[in-house]
Amino acid sequence: MADERALDEVVTFTSDLIRIDTTNRGGGDCRERPAAEYAAARLAETGLEPVLLERTPGRTNVVARLEGTDPSADALLVHGHLDVVPAEAADWSVHPFSGEVRDGVVWGRGAVDMKNMDAMILAVVRSWAREGVRPRRDMVIAFTADEEASAEDGSGFLADRHAHLFEGCTEGISESGAFTFHDGDGRQLYPIAAGERGTAWLKLTARGRAGHGSKVNRENAVTRLAAAITRIGEHEWPLRLTPTVRAALGELAALYGIETDLSDVDALLDKLGTAGKLVEATVRNSANPTMLDAGYKLNVIPGEAVAHVDGRYLSGAEDEFRATMDRLTGPDVDWEFAHHEVALQAPVDSPTFARMRAAVEEFAPEGHVVPYCMSGGTDAKQFSRLGITGYGFAPLKLPEGFDYQALFHGVDERVPVEALHFGVHVLDRFLRTA
547 MADERALDEV VTFTSDLIRI DTTNRGGGDC RERPAAEYAA ARLAETGLEP VLLERTPGRT
607 NVVARLEGTD PSADALLVHG HLDVVPAEAA DWSVHPFSGE VRDGVVWGRG AVDMKNMDAM
667 ILAVVRSWAR EGVRPRRDMV IAFTADEEAS AEDGSGFLAD RHAHLFEGCT EGISESGAFT
727 FHDGDGRQLY PIAAGERGTA WLKLTARGRA GHGSKVNREN AVTRLAAAIT RIGEHEWPLR
787 LTPTVRAALG ELAALYGIET DLSDVDALLD KLGTAGKLVE ATVRNSANPT MLDAGYKLNV
847 IPGEAVAHVD GRYLSGAEDE FRATMDRLTG PDVDWEFAHH EVALQAPVDS PTFARMRAAV
907 EEFAPEGHVV PYCMSGGTDA KQFSRLGITG YGFAPLKLPE GFDYQALFHG VDERVPVEAL
967 HFGVHVLDRF LRTA
C-alpha cells in the first residue's frame with residue numbers, strides 16, 4: 547500500500563500543478579512547459595530518466611519508462627494531460643489558479659481535469675521508489691500537452707513522431723473513470739470507461755447571393771444556414787448500442803433488479819433513474835450546433851454564413867453520421883471536419899478491467915463497479931494509433947452531493963483531499979497487480 551508520504555505528496559502535487567497556469571485557449575495559445583518540467587523533476591528524483599518532447603516551443607510532453615519484473619509482458623501506458631480549459635476568475639469563489647487547500651478540499655482549474663490524476667501518478671511512482679517496488683510489466687508514464695484542443699502538440703505528436711517510446715504498450719489508463727457516482731437512493735457506483743464516442747467537430751458553410759437588406763433575396767446564406775442547423779438540432783438520432791453500452795445497461799439493470807429489455811432502451815433508462823445518466827448520452831450519435839458567424843452590417847445580406855457543430859459518433863456508426871450530415875445540411879450548405887478523431891471500444895471482460903474492478907472494490911467495498919462509455923474523448927484516441935487499448939481509470943471517492951461531472955470545465959472546480967488519498971491507494975493497488 548502507498549505510504550503516508552504519498553498521501554501528503556498527492557495533495558501538494560495537485561496544488562502545485564494547479565498553480566502553474568496551463569490554460570489552453572486553442573489555436574496554439576498555451577504553454578505547458580513549466581508543468582512538464584515540474585512533473586519531470588518529480589520523476590527524476592526517483593531515478594527515472596524522463597524525456598521532454600516538443601513539436602512547438604513551450605508545448606511540452608514528458609515520457610518516462612519504469613521497467614517491470616517480467617520482460618515478456620506487454621507494457622502499460624499510464625497517461626495524463628497537463629493543459630486545462632480557461633477559467634474566469636471573477637466567476638469563482640477562489641482564484642482558479644490558487645491551488646488553495648481549504649476545509650479538506652483542493653481548489654482550482656485542473657483539480658478534476660486532470661491535474662489530480664497527474665499528481666496521483668507522481669505520488670505512486672515516488673512511493674514505489676522509496677519501497678523498492680517494481681511493477682510486473684513495464685509502465686510508460688506520459689504527461690501530455692494540448693489534450694484540451696486538437697492534441698496535435700501532445701498525444702498526436704507523440705504517437706506520430708515518437709512511437710518508439712511506447713514500444714510494447716498494448717493497454718493504457720487515463721482520465722474519467724472509477725469516480726463515485728451517487729444514484730440518490732444510497733447506492734455508490736464506480737463507472738470505469740471502456741470506450742469513447744468519436745469526435746466530429748464540424749464547420750458548416752452556407753453560400754448565397756450578397757445584397758441589400760431591404761431587397762427580396764431567395765439565396766440568403768443566413769437563411770440557408772439557419773435552416774440547416776435547425777434540422778441538425780432537431781434531428782432524432784436512432785438507437786445504436788455498442789458492446790460497452792450493452793454491458794453497462796446489463797450490469798445496471800441487474801443491480802437494480804430490472805429486466806434488461808433492449809427493445810425499449812429509453813424506457814429502461816427511465817427505470818434506472820439517476821443511474822441512467824451514465825449511459826443516456828452514449829446510446830446514440832449526437833450533433834449540437836455551438837457557434838454562428840455571419841454578416842458584417844445590419845442592412846447587408848452576406849454572401850456567406852458559417853456555423854460550427856459539436857458532433858459525436860459511436861463505434862461503428864461513423865458512416866451513418868456522415869450520411870446524416872449530408873442529408874441534414876442539404877444542397878446549399880457544405881460541411882467539413884474541423885477536428886476528427888476515432889471512436890474507441892475496449893473489452894470489459896479483459897483481465898485488466900477485472901483488476902481495475904478489484905482494486906476499486908477493495909477500497910470501496912460498498913461500491914458497485916460498472917463499465918461505461920465516455921460521451922466525449924481523451925488522449926486515448928491518439929494513442930490508439932499505436933494499437934493501445936484505452937480505459938478511463940482515475941479513481942476518486944467522492945461524497946454525496948459532489949457533482950464530479952459538472953465540475954469538468956465548470957466553475958469552482960475542486961477535489962476533496964480524501965478523494966485524492968483514495969485515488970492513490972486504488973491506483974497503487976491496481977498498478978501493482980496490472
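Heads up: the sequence shown begins at 547 in our numbering, then just goes up one per residue. The C-beta atom is built at its ideal place from N, Cα and C for all residues, glycine as well.
Using a Cβ-Cβ cutoff of less than 6 Å, which residues in the same chain neighbour residue i once the five nearest sequence positions on both sides are dropped?
i: alanine 703; result: Per the sequence presented here, residue 703 reads as phenylalanine, with alanine not at that position. Same-chain partners within the cutoff: Arg601.
i: alanine 552; result: Ala669, Ser673, Val970
i: aspartate 880; result: Thr751
i: valine 609; result: Val597, Ala688, Leu711
i: serine 861; result: Thr788, Ala889, Gln891
i: tyrosine 736; result: Ala724, Val906, Gly913, Val915
i: arginine 960; result: Val651, Trp653, Ala657
i: threonine 690; result: Asn607, His627, Gly700, Ser701, Asp925
i: aspartate 958; result: Trp638, Ser639
i: alanine 585; result: Val608, Phe689
What do you reckon, are the CB atoms on residue i and residue j nearer than 8 Å?
i: arginine 883; j: tryptophan 747; result: The amino acid at residue 883 is misidentified as arginine; the sequence shows phenylalanine. The answer is yes: Cβ separation under 8 Å.
i: proline 687; j: leucine 589; result: First, the residue type needs correcting, since residue 687 is isoleucine and not proline in the sequence shown. A contact, by the Cβ cut-off of 8 Å.
i: alanine 794; j: proline 917; result: yes
i: arginine 683; j: alanine 892; result: no
i: glycine 741; j: glutamate 864; result: no
i: arginine 830; j: leucine 801; result: no
i: isoleucine 738; j: glycine 938; result: yes
i: glycine 913; j: threonine 716; result: no
i: proline 678; j: alanine 621; result: With the sequence shown as reference, residue 678 is identified as glycine, and proline is not the correct amino acid for it. No. Outside cutoff.
i: serine 701; j: phenylalanine 867; result: no
i: phenylalanine 899; j: valine 972; result: no
i: alanine 851; j: alanine 869; result: no
i: leucine 942; j: valine 556; result: no
i: alanine 665; j: leucine 563; result: yes
i: arginine 565; j: threonine 606; result: no
i: aspartate 807; j: histidine 625; result: no
i: valine 630; j: threonine 592; result: no
i: methionine 902; j: phenylalanine 976; result: yes
i: methionine 663; j: glutamate 721; result: yes
Please go through the same chain and pick out, in chain order, the residues whose beta-carbon is closer than 8 Å to the beta-carbon of residue i, but skip the five residues on each side of it.
i: serine 561; result: Gly645, Glu646, Val647, Val652, Gly654
i: isoleucine 775; result: Leu750, Pro835, Leu838, Ala853, Val855
i: serine 760; result: Asn845
Looking at the C-beta of residue i, does it have a partner C-beta in chain D at a distance below 8 Å?
i: histidine 627; result: Of the protein chains in this structure there is only one, and it is not chain D.
Can you give the Cα-Cα distance for residue i and residue j, rounded to whole angstroms?
i: glycine 614; j: arginine 680; result: 6 Å
i: glutamate 946; j: aspartate 974; result: 24 Å
i: alanine 952; j: proline 632; result: 15 Å
i: alanine 940; j: valine 963; result: 15 Å
i: arginine 733; j: valine 811; result: 22 Å
i: histidine 758; j: arginine 777; result: 27 Å
i: glycine 574; j: isoleucine 804; result: 49 Å
i: glutamate 571; j: aspartate 616; result: Note that residue 571 is arginine in the sequence shown, not glutamate. Straight-line Cα distance between these residues: approximately 42 Å.
i: glycine 849; j: aspartate 872; result: 21 Å
i: histidine 955; j: aspartate 659; result: 8 Å
i: glutamate 797; j: aspartate 692; result: 35 Å
i: aspartate 549; j: arginine 978; result: 14 Å
i: serine 832; j: arginine 676; result: 48 Å
i: leucine 623; j: aspartate 878; result: 46 Å
i: aspartate 567; j: arginine 611; result: 27 Å
i: proline 897; j: alanine 697; result: 29 Å
i: glycine 923; j: tryptophan 783; result: 20 Å
i: cysteine 576; j: tyrosine 859; result: 28 Å
i: histidine 781; j: leucine 874; result: 8 Å
i: proline 642; j: alanine 581; result: 16 Å
i: valine 762; j: alanine 695; result: 42 Å
i: proline 603; j: aspartate 895; result: 42 Å
i: serine 618; j: methionine 547; result: 26 Å
Please tell me whether, using a cut-off of 7 Å, the distance from the CB of residue i to the nearest non-hydrogen atom of the ligand PLP is below it.
i: serine 760; result: With respect to small molecules bound, the structure shown includes none, and the ligand PLP cannot be examined in it.
Leaving aside the five residues before and after residue i along the sequence, list all residues of the same chain whose C-beta is less than 7 Å from its C-beta, in chain order.
i: glutamate 765; result: Gly754, Arg755
i: glycine 876; result: Ala774
i: alanine 904; result: none
i: arginine 931; result: Ala705
Start-end ranges of the alpha helix (DSSP H) lying completely within the stretch 613–695, minimum 4 residues | 661–677
Original post:
In the stretch 890–929, which residue ranges form an unbroken alpha helix (DSSP H) of at least 4 residues, counting only runs that do not cross its ends?
Top reply: 897–909, 926–929
**OP:** Mind listing, in chain order, the continuous beta strand (DSSP E) runs of no fewer than 3 residues lying wholly within the stretch 929–961?
**Re:** 935–938
Exercise. Is the stretch 737–757 close to the stretch 766–784, with three or more CB pairs under 8 Å?
Worked result: yes
With a cut-off of 8 Å, do at least 3 Cβ pairs link the stretch 708–715 to the stretch 814–821?
no
Quick one: which unbroken alpha helix (DSSP H) runs of 4-plus residues sit fully inside the stretch 552–613? Chain order, please.
579–590
- [ ] Would you list, in sequence order, the uninterrupted alpha helix (DSSP H) runs of no fewer than 4 residues that lie entirely inside the stretch 758–795?
- [x] 767–780
- Counting pairs of beta carbons, one from the stretch 722–736 and one from the stretch 625–644, are three or more of them closer than 8 Å? no
May I have a chain-ordered list of the beta strand (DSSP E) segments no shorter than 3 residues that lie completely inside the stretch 780–865? 832–840, 850–859
Original post:
In chain order, which alpha helix (DSSP H) runs of at least 4 residues are fully inside the stretch 699–729?
Top reply: 701–707
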